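Order-wise, the sequence lines are chains A and B.
The first sequence runs contiguously to residue 198 in my numbering.
The second sequence runs contiguously to residue 1198 in my numbering.
Worksheet for the structure shown next.
2 protein chains.
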Amino acid sequence: MAARTLTRKGEQTRRRIVLGASAEILESGVEEMRLEDIMARTATSKGQLFHYFPGGREELVLAVARHETVQALQEQTAAFRRFDSWAGWQRWRDDMVAWYHGRGLRCPLLGLLNADASRRMPEAQAVMVAFMADWQAVLIEGLRRLQAAGCVAAHVDVAKAGAALLAGIQGGILLMITTKRIDHLEAAIDQAAAALRA
Amino acid sequence: MAARTLTRKGEQTRRRIVLGASAEILESGVEEMRLEDIMARTATSKGQLFHYFPGGREELVLAVARHETVQALQEQTAAFRRFDSWAGWQRWRDDMVAWYHGRGLRCPLLGLLNADASRRMPEAQAVMVAFMADWQAVLIEGLRRLQAAGCVAAHVDVAKAGAALLAGIQGGILLMITTKRIDHLEAAIDQAAAALRA
DNA sequence: ACAGAAATGGACCCGCCAGTCCAATCCATC
DNA sequence: GATGGATTGGACTGGCGGGTCCATTTCTGT
């Protein structure tokens, strides 16, 4: 899809473009993002953009989506794998809240996942679906570990609990973006914990 | 904001335009929605669109947002006010799931709430924020009724539970839109019930 | 019936922005 | 140091679609 032979310099430029586009999308949203803005931000020309992303705008957005999803998944995996107690859960929760605070209550991915973009770009939607599935798997795995550690009763359906937790997180983020407040996210995670302890 | 004097015919046309735009947005998303599509669908001319919505596209979208939010809020209020037992809750849950199924697993509002649109149109965002607040209030009121009926323990913080429930619902809908599956929504609502019963 | 206002149709304009194209450079390799 | 491919710059195009404008028709009130 992209150029087949990339020199080191080429790879650098390509990477610079992806990161710039990513930042641009985080700030302005996918729809508002203009190729011109990216060119300005990354000090590249239109020729370069289309050299590294022959598919144009769409291919670039897709590249950003892939980049952001693997990034997010790595972070979430690292954070959620590290504990097997409720104290650890609490720390994970607080870290997550702090992370979004640090990002100005924005989310790099939710803009990409919006219904419109998906409709126009089925590939992007596929990326998002896969991402959600992966994230849910990470959550479920973590819950299973908590269960093994005795923090969660054996009769609890961790698969379903993982689905609910993911929904709570996503909804919390969505509400955070619109309302610029983070209490929904907190409440959602806390409620998941409450349900799991019951 | 709109024309001050509307004949009956005028009101009909205006209404027709809003409904048509609403349907168009539901199907294609806000960003994809073209004035031309609405004209075709509602059998109106560009002159009419700008006659009834001098603010153009933006004012029209806003009108749709207002229309959809009051609609949704009425329905939710009616549905959530009608019970004070867990059986009633379950019926409400099933109705909600069925409602979305009937709509082809779409949501008339989530497209409007997407981050981009909000950024570009602060007024639309304000409408969405108010809508979320109202919905949450309806949920909390309902939970309080359940509490009064003895279904929920007295020590439960219904305000926080309402926030969590709203987050779960929104996340469930979001995931429904991307994955075209409804189990996240179900799991989220069920988990809220589980937490409340604890 | 006769103003005057409201409603309608649609041609036209114009800015924006993704995408094209090619000429100019850089650089790896022989 | 020459050759060909990778890289870069940027002028130019094309059309899409929101918004303007005005002529025409229809309605309302007296």
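Backbone N, C-alpha and C fix where the C-beta goes; we use that ideal spot for every residue, glycine too.
Everything numeric in this text was worked out from a predicted model, so none of it was measured.
- Which of helix, strand or coil DSSP assigns to residue 1122 of chain B: Position 122 of the second sequence holds residue 1122 of chain B. In the structure shown, residue 1122 of chain B sits in a helix (DSSP, three-state: H, G or I).
- Item | residue 42 of chain A - containing alpha helix (DSSP H), residue span | Taking the first sequence and counting its residues from 1, one reaches residue 42 of chain A at position 42. That run of the alpha helix (DSSP H) goes 35-42.
- Query: So what's residue 1030 of chain B in DSSP terms, helix, strand or just coil?
  - Reply: In the second sequence, residue 1030 of chain B corresponds to position 30, counting from 1. Of the three classes helix, strand and coil, the one that applies to residue 1030 of chain B here is coil, per DSSP.
- Message: If you reduce the DSSP assignment to three classes, tell me which class residue 1007 of chain B lands in.
- Response: In the second sequence, the residue the question calls residue 1007 of chain B occupies position 7. Three-state result, residue 1007 of chain B: coil.
- Task: Name, going along the chain, the residues of the stretch 1146-1175 of chain B whose beta-carbon falls closer than 7 angstroms to a beta-carbon of chain A.
- Result: 1160, 1161, 1163, 1164, 1166, 1167, 1168, 1169, 1170, 1171, 1172, 1174 and 1175
- Check whether the stretch 1049-1060 of chain B touches the stretch 1145-1163 of chain B, counting contact only when three or more Cβ pairs, one atom from each stretch, lie closer than 8 angstroms. no
- Compare the C-beta of residue 1188 of chain B with all C-beta atoms of chain A and state if any pair is closer than 7 angstroms. Translated into the one-based positions of the second sequence, residue 1188 of chain B becomes position 188. Yes, its Cβ sits closer than 7 angstroms to a Cβ of chain A.
- Item | Residues in the stretch 20-35 of chain A having any Cβ partner in chain B nearer than 8 angstroms | 28, 29, 30, 31 and 32
- Taking the C-alpha atoms as reference points, what is the distance between residue 89 of chain A and residue 80 of chain A? Stepping through the first sequence from its first residue, residue 89 of chain A is reached at position 89. Stepping through the first sequence from its first residue, residue 80 of chain A is reached at position 80. Residue 89 of chain A and residue 80 of chain A: Cα-Cα distance of roughly 8 angstroms.
- Query: Taking just the CA atoms, how far does residue 1042 of chain B sit from residue 1016 of chain B?
  - Reply: As a first step, residue 1016 of chain B is located in the second sequence; it is residue number 16 there, counting from the start. As a first step, residue 1042 of chain B is located in the second sequence; it is residue number 42 there, counting from the start. Rounded to whole angstroms, residue 1016 of chain B to residue 1042 of chain B spans 7 angstroms at the Cα level.
- Give the residues of chain A in contact with residue 1128 of chain B, contact being defined as C-beta atoms less than 7 angstroms apart. By 1-based counting over the second sequence, the position of residue 1128 of chain B is 128. Within 7 angstroms Cβ-Cβ: 178.
- Which stretch, first to last residue, makes up the alpha helix (DSSP H) that contains residue 1061 of chain B? Along the second sequence, read from residue 1 onward, the residue named residue 1061 of chain B stands at position 61. Residue 1061 of chain B -> alpha helix (DSSP H) spans 1057-1080.
- Message: Quick check: the stretch 28-40 of chain A against the stretch 96-105 of chain A, are at least 3 beta-carbon pairs closer than 8 angstroms?
- Response: no
- Going by the beta-carbon positions, is the gap between residue 175 of chain A and residue 184 of chain A smaller than 7 angstroms? On the first sequence, residue 175 of chain A is found 175 positions in, with the first residue counted as 1. On the first sequence, residue 184 of chain A is found 184 positions in, with the first residue counted as 1. Taking 7 angstroms as the Cβ cut-off, residue 175 of chain A and residue 184 of chain A qualify as a contacting pair.
- Would the beta-carbon of residue 124 of chain A fall within 7 angstroms of that of residue 65 of chain A? Against the first sequence, residue 124 of chain A aligns to sequence position 124. Against the first sequence, residue 65 of chain A aligns to sequence position 65. The answer is yes: Cβ separation under 7 angstroms.
- Message: Against chain A, which members of the stretch 1082-1111 of chain B pass a CB distance test of less than 7 angstroms?
- Response: 1110 and 1111
- Task: Assign residue 1006 of chain B to buried or exposed, taking buried as 16 or more other Cβ atoms, counted over all protein chains shown, within 10 Å of its Cβ.
- Result: As a working note, residue 1006 of chain B is residue 6 in the second sequence. With fewer than 16 other Cβ atoms within 10 Å, it is exposed.
- Inspect the beta-carbon positions of residue 1060 of chain B and residue 1023 of chain B and report whether they are closer than 7 angstroms. As a first step, residue 1060 of chain B must be located in the second sequence, where it is residue number 60. As a first step, residue 1023 of chain B must be located in the second sequence, where it is residue number 23. Not in contact: residue 1060 of chain B and residue 1023 of chain B (Cβ atoms no closer than 7 angstroms).
- Nearest CA to the CA of residue 13 of chain A: which residue from A/49, A/37, A/135 and A/121? Along the first sequence, one-based indexing puts residue 13 of chain A at 13. Comparing Cα-Cα distances from residue 13 of chain A to each of A/49, A/37, A/135 and A/121, the minimum goes to A/49.
- Message: On the criterion of 16 or more Cβ atoms from any shown chain inside 10 Å, does residue 187 of chain A qualify as buried, or is it exposed?
- Response: By 1-based counting over the first sequence, the position of residue 187 of chain A is 187. It is buried - the Cβ of residue 187 of chain A has at least 16 other Cβ atoms within 10 Å.
- Query: Using DSSP with H/G/I as helix, E/B as strand and the rest coil, what is residue 1156 of chain B?
  - Reply: Indexing the second sequence from 1 puts residue 1156 of chain B at position 156. Reduced to three states, the DSSP call for residue 1156 of chain B is coil.
- Message: By alpha-carbon positions, which one of A/82, A/137, A/109 and A/85 ends up nearest to residue 1178 of chain B?
- Response: The sequence position of residue 1178 of chain B within the second sequence is 178, counting from 1. The shortest C-alpha separation from residue 1178 of chain B is found at A/109.
- Chain-ordered chain B contacts of residue 125 of chain A [CB-CB under 8 angstroms]: Here residue 125 of chain A corresponds to residue number 125 of the first sequence, with the count starting at 1. Per Cβ cutoff of 8 angstroms: 1178.
- Give the C-beta separation of residue 140 of chain A and residue 1171 of chain B to the nearest angstrom, bearing in mind that I take them to be a contact with Cβ-Cβ under 8 angstroms. Counting from 1 along the first sequence, the entry for residue 140 of chain A is found at position 140. Counting from 1 along the second sequence, the entry for residue 1171 of chain B is found at position 171. Actually they do not touch by this definition, with Cβ atoms about 16 angstroms apart.
- Task: Kindly say whether residue 76 of chain A, judged by its beta-carbon, lies nearer than 7 angstroms to any beta-carbon of chain B.
- Result: Locating residue 76 of chain A in the first sequence gives position 76, counting from the first residue. So, not an interface residue.
- Message: Measuring straight from C-alpha to C-alpha, what distance separates residue 133 of chain A and residue 1194 of chain B?
- Response: Taking the first sequence and counting its residues from 1, the one referred to as residue 133 of chain A is at position 133. Taking the second sequence and counting its residues from 1, the one referred to as residue 1194 of chain B is at position 194. Distance between the alpha carbons of residue 133 of chain A and residue 1194 of chain B is about 24 angstroms.
- Task: Would you identify the three-state DSSP class for residue 85 of chain A, choosing helix, strand or coil?
- Result: By one-based count along the first sequence, residue 85 of chain A stands at place 85. Residue state, collapsed to three classes: coil.
- Query: Shorter than 7 angstroms from the beta carbon of residue 1037 of chain B to some beta carbon of chain A?
  - Reply: As a first step, residue 1037 of chain B is located in the second sequence; it is residue number 37 there, counting from the start. No, its Cβ sits nowhere closer than 7 angstroms to a Cβ of chain A.
- Task: Taking residue 137 of chain A and residue 147 of chain A to be in contact with their CB atoms under 8 angstroms, please state how far apart those CB atoms are, rounded to whole angstroms.
- Result: Counted from its first residue, the first sequence places residue 137 of chain A at position 137. Counted from its first residue, the first sequence places residue 147 of chain A at position 147. Incorrect: roughly 15 angstroms between the Cβ atoms, too far for contact.
- Around the Cβ of residue 1191 of chain B, are there at least 16 other Cβ atoms within 10 angstroms (buried) or fewer (exposed)? On the second sequence, position 191 is the one that residue 1191 of chain B refers to. Buried, since its Cβ has 16 or more Cβ neighbours within 10 Å.
- Item | Proximal chain A residues relative to residue 1120 of chain B, where beta-carbon distance stays under 9 angstroms | Position 120 of the second sequence holds residue 1120 of chain B. Per Cβ cutoff of 9 angstroms: 29, 31 and 32.
- Query: Does DSSP classify residue 1150 of chain B as helix, strand or coil?
  - Reply: Position 150 of the second sequence, counted from the first residue, corresponds to residue 1150 of chain B. Coil at residue 1150 of chain B, not helix or strand.
- Item | First and last residue of the uninterrupted alpha helix (DSSP H) at residue 1053 of chain B | Numbered from its first residue, the second sequence carries residue 1053 of chain B at position 53. Unbroken run through residue 1053 of chain B: none, as it is neither H nor E.
- So, does the CB of residue 183 of chain A fall closer than 7 angstroms to a CB anywhere in chain B? By 1-based counting over the first sequence, the position of residue 183 of chain A is 183. Answer yes: the Cβ-Cβ gap between residue 183 of chain A and chain B drops below 7 angstroms somewhere.
- Task: Starting from residue 1210 of chain B, find everything on chain A with Cβ-Cβ shorter than 8 angstroms and list it in chain order.
- Result: Past the boundaries of the shown model lies residue 1210 of chain B; chain B is included only from 1001 to 1198, so the question cannot be answered.
- Item | N-terminal and C-terminal residue of the alpha helix (DSSP H) that residue 194 of chain A is part of | Working through the first sequence from its first residue, we reach residue 194 of chain A at position 194. It spans 183-197 - the alpha helix (DSSP H) in which residue 194 of chain A sits, taken as one unbroken run.
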